[in-house]
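Novice:
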Amino acid sequence: MRRGTFLLATGGLGVSLAWRSLGMWPFLGGAPAGSERLAGLLRNEEGACTIGRAYLRAVPAEASSAVLTARVAERVPGGLTAVDAISDDRLRVLLVEASAEDFRDLRTVEVQGWVLARTEARLCALAAMRARATPA
Amino acid sequence: MFADARSVPRGTNLTADVCVIGAGAAGITLALELAGSPLRVIVLESGGFEFDAETQALYDGRSIGVPYGDLDLPRLRYLGGTTNHWAGECRPFEEADFEAREGIPYTGWPLKKPDLDPFYARAVEVVRLPTHDWSLGHWASEDSPPPLPLRSDRIVSRVVQEVEPDIRPLGESYREELRAAPNVTVLLHANVTAIETDRSGRTVTSVEAATLGGNRFSVAAETFVLATGAVENARLLLVSNDRQPNGLGNQNGLVGRFFLEHPRFLAGYLVPSGADPNLGFYRDHRVDGHLFTGFLASAKEFQLAEGLLDLQIRLELDYGDAPDDAAGFARHLMALAGDIDSWQELTIPGAPVPIPYLDVIREALEDPEDTYVYLRGDIDAIGLTTRIEQAPNPASRIVLVRERDDLGMHRVALDWRLSDVDRRNVQQTLELLGAEIGRAGIGRVRILHPNEPGWPDDLNGGQHQMGTTRMSDDPKQGVVDRQCRVHGMSNLFVAGSSVFPTPGGATPTLMIIALAIRLADRLKATMAR
Numbered sequence: 000m001r002r003g004t005f006l007l008a009t010g011g012l013g014v015s016l017a018w019r020s021l022g023m024w025p026f027l028g029g030a031p032a033g034s035e036r037l038a039g040l041l042r043n044e045e046g047a048c049t050i051g052r053a054y055l056r057a058v059p060a061e062a063s064s065a066v067l068t069a070r071v072a073e074r075v076p077g078g079l080t081a082v083d084a085i086s087d088d089r090l091r092v093l094l095v096e097a098s099a100e101d102f103r104d105l106r107t108v109e110v111q112g113w114v115l116a117r118t119e120a121r122l123c124a125l126a127a128m129r130a131r132a133t134p135a
Numbered sequence: 000m001f002a003d004a005r006s007v008p009r010g011t012n013l014t015a016d017v018c019v020i021g022a023g024a025a026g027i028t029l030a031l032e033l034a035g036s037p038l039r040v041i042v043l044e045s046g047g048f049e050f051d052a053e054t055q056a057l058y059d060g061r062s063i064g065v066p067y068g069d070l071d072l073p074r075l076r077y078l079g080g081t082t083n084h085w086a087g088e089c090r091p092f093e094e095a096d097f098e099a100r101e102g103i104p105y106t107g108w109p110l111k112k113p114d115l116d117p118f119y120a121r122a123v124e125v126v127r128l129p130t131h132d133w134s135l136g137h138w139a140s141e142d143s144p145p146p147l148p149l150r151s152d153r154i155v156s157r158v159v160q161e162v163e164p165d166i167r168p169l170g171e172s173y174r175e176e177l178r179a180a181p182n183v184t185v186l187l188h189a190n191v192t193a194i195e196t197d198r199s200g201r202t203v204t205s206v207e208a209a210t211l212g213g214n215r216f217s218v219a220a221e222t223f224v225l226a227t228g229a230v231e232n233a234r235l236l237l238v239s240n241d242r243q244p245n246g247l248g249n250q251n252g253l254v255g256r257f258f259l260e261h262p263r264f265l266a267g268y269l270v271p272s273g274a275d276p277n278l279g280f281y282r283d284h285r286v287d288g289h290l291f292t293g294f295l296a297s298a299k300e301f302q303l304a305e306g307l308l309d310l311q312i313r314l315e316l317d318y319g320d321a322p323d324d325a326a327g328f329a330r331h332l333m334a335l336a337g338d339i340d341s342w343q344e345l346t347i348p349g350a351p352v353p354i355p356y357l358d359v360i361r362e363a364l365e366d367p368e369d370t371y372v373y374l375r376g377d378i379d380a381i382g383l384t385t386r387i388e389q390a391p392n393p394a395s396r397i398v399l400v401r402e403r404d405d406l407g408m409h410r411v412a413l414d415w416r417l418s419d420v421d422r423r424n425v426q427q428t429l430e431l432l433g434a435e436i437g438r439a440g441i442g443r444v445r446i447l448h449p450n451e452p453g454w455p456d457d458l459n460g461g462q463h464q465m466g467t468t469r470m471s472d473d474p475k476q477g478v479v480d481r482q483c484r485v486h487g488m489s490n491l492f493v494a495g496s497s498v499f500p501t502p503g504g505a506t507p508t509l510m511i512i513a514l515a516i517r518l519a520d521r522l523k524a525t526m527a528r
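Chains as they are written, first to last, in numbering that gives the first Met the number 0: chain A, 0 to 135; chain B, 0 to 528.
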């Protein structure tokens, strides 16, 4: 049994690679504005969406791209303006730092048992919302 | 010396200064400490030198509370007692483990750590550990795999020292000392069935002993020490109800209550960021030849702030498709045949085909999983198994049942009860661990059964039965006083983990031995006068 199937077998999200990408922050390039840009940063979109959907079920008050974008952006120095303006590399560093601070300050959320930083969970939620809005 | 109770003439009344009932960790320690003193000591041991199913069956009992498994499984009823299958893990209680915890009733000891430090030092010598030092600084040396690089002290790595396997069965490792002690007689196959008192019910005069073959005799002594484990200590007090209808020491209904364990279950998984998170520190390994293993725990400050008790997190590696038998190993070995790097260290150089060294084959057959891990080296996930310091709970108890054993003694039932504090402890500690693991970039933690009421199916005891004759200065809060003397009794003492009022997160054996040494010192000092 490999890592991925193990997670499924234990009733997990099957998104081990997704959180790995979250932990290591290997974001994609491209620079769409605001929520589009944030939502598109995650490499493993399928896994991120799985987490994101679970997060949105757990925190329905944030089921809005605008809310999620604002919440993520407020964790970046300079806010939304900076999110739109800075390079991918710089944004990557800032979001990694924001997540580490989330963990440090116990701003965590439990999504189907996974202990995640709020910032990374919200990025996943953005990815989920974007996928929902995109025709198959 | 050793003697056989089956050879004692029926109806004999043996006499001693001290009668110790039970020859496990506590009883053997008492006997060793009293050896060479002027006191005449008789130790009554139910079993012989080896395991015997008929004797072991005297332990049979029922579980009527939280599922516990076979009640006799954690215990062994022959010379050495439960040390005969002891894993050898030792760690002393910390200062905070003795303190009452705000918001958690019945916690705290009447003793403080400095009261026990001298006895811990001697206990270390009994089990022949190399050092009294359990600090991370001592064990996380450059010769050891490193502890996880956590970035705060909210979750900490700790160590348990492990007693060498040949020392663990104390009945074997100290057999010659016991045989040579001129003032100590260890009477094998002697089962105590009742404790007799004078008319006042406050002074023990003798104990009744029986063998499975039907022999019966008694032992009179000046002082008696119960050292039969948490279940049997309570059982013996409860069945001894000739003068005290509720049983000896049970005037406040506390005997058998506050049964404690170190409940354990798989509470979560850590899925590492990398393929090799180097968790060797958390597996059994040696530094300078000395065996120890690491574990994770919440810091005492966190426990105190959150109103929690201790909790150990053991890391158990999950190697996914690692084979579990030799045939499986062979299949994997074939599959790996193309991996030259792996093979080079294991095969005879220059051979026309890969021929493993003989010792490689032998080791592989003995432990296919470890060998496979050596070859593959990747980890699927790390199981997080919790060992909870159970909160004291008067409803968690040993009770007598109508059924009797082969000697006519009432059997017992265990009504094991856990509390919300125990459940909350797991949840909050795992949440904190998840945050610290994420912060350090080690991976992510998934909590199994998050915030669910009740307990998972794999919940079990940690094979550490404690707390049925708890220690307190107040007779309304405990069965024994700080000297381990039964409240209301002049000459009856209890040794072993049944006196623990709060179990700590540490394994109990070192504390059992330390308390036994302390009791022996007191008996020597007071009885010599």
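By construction, the Cβ of each residue, glycine as well, lies at the ideal position given by its N, Cα and C atoms.
These numbers were taken from a predicted model, which means no experiment stands behind them.
1. Mapping DSSP to helix, strand and coil, what is residue 204(B)?
2. Give me, in chain order, the residues of the same chain whose beta-carbon lies closer than 8 Å to that of residue 285(B); leave out the 5 immediate sequence neighbours on both sides.
3. List the residues of chain A that residue 238(B) touches, going by C-beta distances under 7 Å, in chain order.
4. From residue 420(B) to residue 266(B), what does the alpha carbon distance come to, in whole angstroms?
5. May I ask you to verify whether the segment 95-109 of chain A touches the segment 425-438 of chain B, counting CB pairs closer than 8 Å and requiring at least 3?
6. Short check: CB of residue 434(B) to CB of residue 107(A), under 8 Å?
7. Strictly below 8 Å CB to CB, what residues from chain B border residue 107(A)?
8. Using a Cβ cut-off of 7 Å, pull out every chain B residue sitting near residue 99(A), in sequence order please.
9. Tell me the DSSP secondary structure of residue 392(B) in three-state form.
10. For a contact meaning CB atoms closer than 7 Å, what does residue 446(B) contact in chain A?
11. Assign residue 69(B) to one of two classes, buried (16 or more other C-beta atoms within 10 Å of its C-beta) or exposed (fewer than that).
12. Use the C-beta contact count for residue 12(B): other C-beta atoms within 10 angstroms, 16 or more gives buried, fewer gives exposed.
13. Excluding five sequence neighbours on each side, which residues of the same chain lie with their C-beta closer than 6 Å to the C-beta of residue 206(B)?
14. Opposite residue 89(B) in the DSSP bridges: which residues?
15. Indicate the three-state DSSP secondary structure (helix, strand or coil) for residue 101(B) in the structure shown.
16. Does the Cβ of residue 122(A) have 16 or more other Cβ atoms within 10 Å, making it buried, or fewer, making it exposed?
17. Whose Cβ in chain B lies nearer than 8 Å to the Cβ of residue 103(A)?
18. In the DSSP assignment, the alpha helix (DSSP H) including residue 295(B) goes from what residue to what residue?
19. Could you spell out the range, first to last residue, of the beta strand (DSSP E) harbouring residue 33(B)?
20. Residues in the same chain with beta-carbon distance under 7 Å from residue 110(B), minus the five sequence neighbours each way, listed in chain order, please.
21. If we define contact as Cβ-Cβ less than 8 Å, is residue 455(B) a contact residue for chain A?
22. Is residue 33(B) closer than 8 Å to residue 40(B) when the C-beta atoms are compared?
23. Can you tell me whether DSSP reads residue 424(B) as helix, strand or coil?
24. Tell me, please, whether the CB atom of residue 244(B) is closer than 8 Å to any CB atom in chain A?
25. In three-state DSSP terms, what is residue 271(B)?
26. Please report how far the alpha carbon of residue 212(B) lies from the alpha carbon of residue 130(B), in whole angstroms.
27. Chain A beta carbons: is any one of them nearer than 8 Å to that of residue 443(B)?
28. At the 8 Å Cβ level, is residue 117(A) part of the contact set with chain B, yes or no?
29. Determine the direct distance from the alpha carbon of residue 99(B) to that of residue 6(B), and round the result to whole angstroms.
30. How far does the alpha helix (DSSP H) with residue 137(B) in it extend, from its first residue to its last?
31. Taking the alpha-carbon positions, what's the residue 3(B) to residue 177(B) distance?
32. Would you mind telling me which residues of chain A sit closer than 7 Å to residue 449(B), beta carbon to beta carbon, in chain order?
33. What do you reckon, is the C-beta of residue 123(A) under 7 Å from a heavy atom of the ligand ADP?
34. Compute the Euclidean distance between the alpha carbons of residue 174(B) and residue 1(B), then round it to the nearest angstrom.
35. In whole angstroms, give me the CA-to-CA distance for residue 339(B) and residue 356(B).
36. Pair every Cβ in the segment 234-248 of chain B with every Cβ in the segment 403-415 of chain B, then say whether three or more of these pairs are closer than 8 Å.
Specialist: In brief:
1. Within the second sequence, numbered from 1, the residue matching residue 204(B) stands at position 205. Per DSSP, reduced to three states, the secondary structure at residue 204(B) is strand.
2. By one-based count along the second sequence, residue 285(B) stands at place 286. Contacts found: 291.
3. Here residue 238(B) is taken as the residue at index 239 of the second sequence, counted from 1. By Cβ distance, chain A contributes nothing, its closest Cβ being about 46 Å from residue 238(B), past 7 Å.
4. Numbered from its first residue, the second sequence carries residue 420(B) at position 421. Numbered from its first residue, the second sequence carries residue 266(B) at position 267. The C-alpha of residue 266(B) is placed about 15 Å away from the C-alpha of residue 420(B).
5. Inter-segment contact for the segment 95-109 of chain A and the segment 425-438 of chain B is present: three or more beta-carbon pairs are separated by less than 8 Å.
6. Along the second sequence, one-based indexing puts residue 434(B) at 435. Along the first sequence, one-based indexing puts residue 107(A) at 108. Going by C-beta atoms, residue 434(B) is nearer than 8 Å to residue 107(A).
7. If you number the first sequence from 1, residue 107(A) lands on position 108. The answer, in chain order, is 430, 433, 434 and 437.
8. For the purposes of this step, residue 99(A) is identified with residue 100 of the first sequence, where counting begins at 1. Against chain B, a Cβ distance below 7 Å from residue 99(A) picks out 438.
9. The residue labelled residue 392(B) in the question sits at position 393 within the second sequence. Coil at residue 392(B), not helix or strand.
10. By 1-based counting over the second sequence, the position of residue 446(B) is 447. Contacts between residue 446(B) and chain A, judged by CB atoms closer than 7 Å, involve 109, 112 and 114 in chain order.
11. Start at 1 with the first residue of the second sequence, and residue 69(B) comes out as number 70. Around the CB of residue 69(B), fewer than 16 other CB atoms lie within 10 Å, so the residue is classed as exposed.
12. Within the second sequence, the letter at position 13 stands for residue 12(B). Classified as exposed, residue 12(B) has fewer than 16 neighbouring CB atoms from the shown chains inside 10 Å of its CB.
13. As a first step, residue 206(B) is located in the second sequence; it is residue number 207 there, counting from the start. 191, 194 and 218.
14. By one-based count along the second sequence, residue 89(B) stands at place 90. Its beta-bridge partners are 160(B).
15. Taking the first residue of the second sequence as position 1, residue 101(B) is located at position 102. When DSSP states are grouped into helix, strand and coil, residue 101(B) belongs to the coil group.
16. What you label residue 122(A) is simply residue 123 of the first sequence in a count that begins at 1. Taking all protein chains shown into account, residue 122(A) has 16 or more neighbouring C-beta atoms within 10 Å of its C-beta and is therefore buried.
17. One-based indexing of the first sequence puts residue 103(A) at position 104. The contacting residues are 150, 151, 434 and 438.
18. Within the second sequence, residue 295(B) is the residue found at index 296, counting from 1. Unbroken run through residue 295(B) is the beta strand (DSSP E), 289-297; no alpha helix (DSSP H).
19. Walking along the second sequence from the start, residue 33(B) turns up at place 34. Careful: residue 33(B) lies outside any beta strand (DSSP E), inside the alpha helix (DSSP H) at 24-33.
20. Here residue 110(B) refers to the residue found at position 111 when the second sequence is read from its first residue. Taken in chain order, the residues that qualify are 97 and 481.
21. Residue numbering aside, residue 455(B) sits at position 456 when the second sequence is read from its first letter. No - not a single Cβ of chain A is within 8 Å of the one on residue 455(B).
22. Taking the first residue of the second sequence as position 1, residue 40(B) is located at position 41. Taking the first residue of the second sequence as position 1, residue 33(B) is located at position 34. With respect to residue 33(B), residue 40(B) sits close: the two C-beta atoms are nearer than 8 Å.
23. In the second sequence, residue 424(B) corresponds to position 425, counting from 1. In the three-state reduction of the DSSP assignment, residue 424(B) falls in the helix class.
24. The sequence position of residue 244(B) within the second sequence is 245, counting from 1. Taking Cβ atoms only, chain A never reaches closer than 8 Å to residue 244(B), which makes this a no.
25. For the purposes of this step, residue 271(B) is identified with residue 272 of the second sequence, where counting begins at 1. Strand at residue 271(B).
26. As a position in the second sequence, residue 212(B) is number 213, starting the count at 1. As a position in the second sequence, residue 130(B) is number 131, starting the count at 1. C-alpha separation (whole angstroms): 45 Å.
27. Counting from 1 along the second sequence, the entry for residue 443(B) is found at position 444. With a threshold of 8 Å between beta carbons, residue 443(B) makes contact with chain A.
28. Here the question's residue 117(A) lines up with position 118 in the first sequence. Chain B contact via Cβ: absent.
29. Looking up residue 6(B) in the second sequence gives position 7. Looking up residue 99(B) in the second sequence gives position 100. When rounded, the separation of the alpha-carbon atoms in residue 6(B) and residue 99(B) is 49 Å.
30. Within the second sequence, the letter at position 138 stands for residue 137(B). Counting along the chain, the alpha helix (DSSP H) containing residue 137(B) begins and ends at 135-138.
31. Indexing the second sequence from 1 puts residue 3(B) at position 4. Indexing the second sequence from 1 puts residue 177(B) at position 178. The C-alpha of residue 3(B) lies about 14 Å from the C-alpha of residue 177(B).
32. Here residue 449(B) refers to the residue found at position 450 of the second sequence. Within chain A, the residues near residue 449(B) are 109 and 112.
33. With respect to the ligand ADP, the structure offers nothing, as it holds no ligand at all.
34. Residue numbering aside, residue 174(B) sits at position 175 when the second sequence is read from its first letter. Residue numbering aside, residue 1(B) sits at position 2 when the second sequence is read from its first letter. If I take the Cα positions, the gap works out to 9 Å.
35. Taking the second sequence and counting its residues from 1, one reaches residue 339(B) at position 340. Taking the second sequence and counting its residues from 1, one reaches residue 356(B) at position 357. Any reading at residue 339(B) is ruled out, since the residue's pLDDT is 48, under 50, leaving its predicted position unreliable.
36. Verdict: yes, contact present.
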